[in-house]
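Below you'll find the structure, written out as structure tokens, and then a few comments.
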Amino acid sequence: MGPVDYRPLLEELGMAEAEAIHVLAAAEGSWQRLVEIRRVLAVLAIPRELAVFAVGSLGRFESSAASDLDFAVVYAADALDVQAADAARHELAGQLRARGHAVLDKTFRAPVELGALLGDIGGEGDTNLHLTYRALLLTEGAWLANAAAAEQVTDAIFAAYAQGAISRGRFLSSLQNDLHRYYRTICVDYRFKVESAGKRWAIRYFKLRHARKLWHLANLALFCQAAQLPDAERDLHLATLLPQPPLLRISTSLRALGGLALCAELLRAYDGFLAALADAGLREGLDRIDYAARLEDPLFQRLSASADRFDLAAQAIVQHLWIRCNDHLVRYGLL
Amino acid sequence: MTLVFETCPEGQACAIVFDLIGVLAAPSWRELCGRPDLAAWARLKVGAIEEAEFWTPAQAAAYRGALALRGDRLAFLGRLRARGHAISIASNLARAWLPTVQAGVPAGLVERWIVSGEIGVAKPDPRFWAALLRHVPAGSLVVDDQLRNCEAAARAGLRSLWVPCGAGFEDRVEAALAAG
């Protein structure tokens, strides 16, 4: 995927660039950061079989200078052993940290074997971690090193759903359900993080109300629109659109469903959220909000108002989807 | 949408002609450029300028480091070759990048390389397909990720299969072969 440029969409919507200036800046900044990292990693001795992805805000083209770098490493056991993959991941993280990237050893702290991601989808051995990798690599995995290996991995993940002999569903609902499952998982994960693990609550709360919800809405809209395509075209359409950033997934789907104009307010509302996330001081301010006193906190009030505006824009889109695709939503998307 | 144009002449063995970047190999040069210069690319891909005029030595080194063939696609080509299909590659590619790609291809797998940087004309120009047709029979199957290239190939008397992404790649190629 090349650079993401929202300007043609803004023009189509009759919006001024100033109305989505932070959306534009995040897309441009993310692209420049991706290119910089790719160039650094391209000349390192990384095993060719190791697929290295950016996920999170960078993979969605929504990152800012204040964003952490989440990078995911996937290998195939028949091509590389776990020790080699682990050593390469360690080296990569060190190189990126040395260049000022905030690499955190959280969800993506260790390489994951491709077969483990695909071998037990929905089974007892299918962990939150595996679900996270599948969902994010398909929808926001931008390669950082070994683009050819990375393409191979995302194609294999898509194929794991598409080639299901019995369970895939005419509308690829097996994949749609797993993406829904991931969304609900991170909603519940919020509970664990803030109640049990002592993590910062406010930034997670507002990410859930903006970025995560946008991601979910994008999948809902895309699958609604795809359901209206001829069967022979559906998988290609989904595989082509899923890696696009959420705002583009939504606008492409809404355009086809006669509701493109509804994206304008969504973009404006989301721009406010990206403006807040790009402000390091504001992020720090979020960390200081006392949950019990949040309703009196000006920063909480400001971001809550942004989230409410975003909800109204999302409501309008969901209502449109309901009118245009109610059969799909009842049978697959919602129930 | 999957497009399959034309058909293979009856009784004649058809070649399979694969595009390179986006089909067999990755990444595109654009993915290592902060601001891709399409005008400069238009000149580089037909050999009108040298790579040194296109980007910096550091960028050139990075692209060589990043450019690679997909292992699963090479394996698929190997299976097609074993079944008797002649494999050719037709690509819009700078001639300076060709050795990097060819180094990753097993000997004997690819019969013909038609590369824009070497022949001085690029897809979808009809002259590109005319050059290809000097090496493969009309009705051969062209597999490309760009729709306009597929349409141009069909106008030139080739069959074409549009593969905009990796979903179901092998199945679609096999179906196109079976349809021919």
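Quick note, the sequences are listed as chains G and B, same order. According to the working numbering, the residues represented by the first sequence are 1 to 335, in order. According to the working numbering, the residues represented by the second sequence are 336 to 515, in order. Each residue gets a CB set at the ideal place from its N, CA and C atoms; glycine is no exception. Predicted model, so just to flag it, every value in this text is computed and none were measured.
Contact fails between the region 293-306 of chain G and the region 89-99 of chain G, because fewer than three Cβ pairs, one in each stretch, are under 8 Å apart. Under DSSP, Phe206/G shares a beta bridge with no residue.
Cβ-Cβ separation between Leu467/B and Val478/B: approximately 13 Å, too far for a contact (criterion under 8 Å). Contact annotation: Ala227/G and Met15/G have beta-carbon atoms that are not nearer than 7 Å. Interface criterion not met: the Cβ of Ala202/G is under 7 Å from no Cβ in chain B.
Sequence-distant partners of Asp68/G (beyond 5 residues in either direction) whose C-beta falls short of 6 Å from its own C-beta, in its chain, are Ala102, Leu104.
Residues Leu131, Thr132, Ala135 of the same chain have their beta carbon placed closer than 7 Å to that of Tyr182/G, with the five preceding and five following residues left out of the count. Secondary structure in the region 46-98 of chain G: the beta strand (DSSP E) runs of 3 residues or longer, each lying completely within the stretch, are 51-55, 70-75 in chain order. The Cβ of Leu482/B sits no closer than 7 Å to any Cβ of chain G. Between Val52/G and Leu144/G, the C-beta gap is smaller than 7 Å, which places the two residues in contact. In the three-state reduction of the DSSP assignment, Val103/G falls in the strand class. Looking at the DSSP output, Trp497/B shares a beta bridge with Asp479/B. Proximity of Gln32/G to chain B, defined by a Cβ-Cβ separation below 7 Å, is satisfied. Comparing alpha-carbon positions, the option among Pro3/G, Leu229/G, Cys224/G, Ile21/G lying closest to His328/G turns out to be Cys224/G. Taking 7 Å as the CB threshold, Val4/G stays off the interface with chain B. For the region 143-158 of chain G, the set of residues with a beta-carbon nearer than 9 Å to any beta-carbon of chain B comprises Trp143, Ala145, Asn146, Ala147, Ala148, Ala149, Ala150, Glu151, Gln152, Thr154, Asp155, Ala156, Phe158, in chain order. With its beta carbon at least 7 Å from every one in chain G, Ala487/B lies outside the interface.
Here the alpha carbons of Pro461/B and Ala42/G stand approximately 35 Å from one another. Under the rule that a run must span 4 or more residues, the alpha helix (DSSP H) segments found entirely inside the region 250-312 of chain G read 263-277, 280-287. Looking at the backbone, the Cα of Leu512/B and that of Leu493/B are separated by about 13 Å. With respect to the C-alpha of Phe310/G, the residue from Leu282/G, Asp279/G, Tyr270/G having the closest C-alpha is Tyr270/G. Among the bridge pairs identified by DSSP, Glu140/G is matched with none. Around the beta carbon of Phe171/G, 16 or more other beta carbons sit within 10 angstroms, so the residue counts as buried. With a cut-off of 8 Å on Cβ pairs, the region 237-248 of chain G is in contact with the region 1-14 of chain G, counting three or more such pairs. For Asp279/G and Arg209/G, the gap between their C-alpha atoms comes out near 18 Å.
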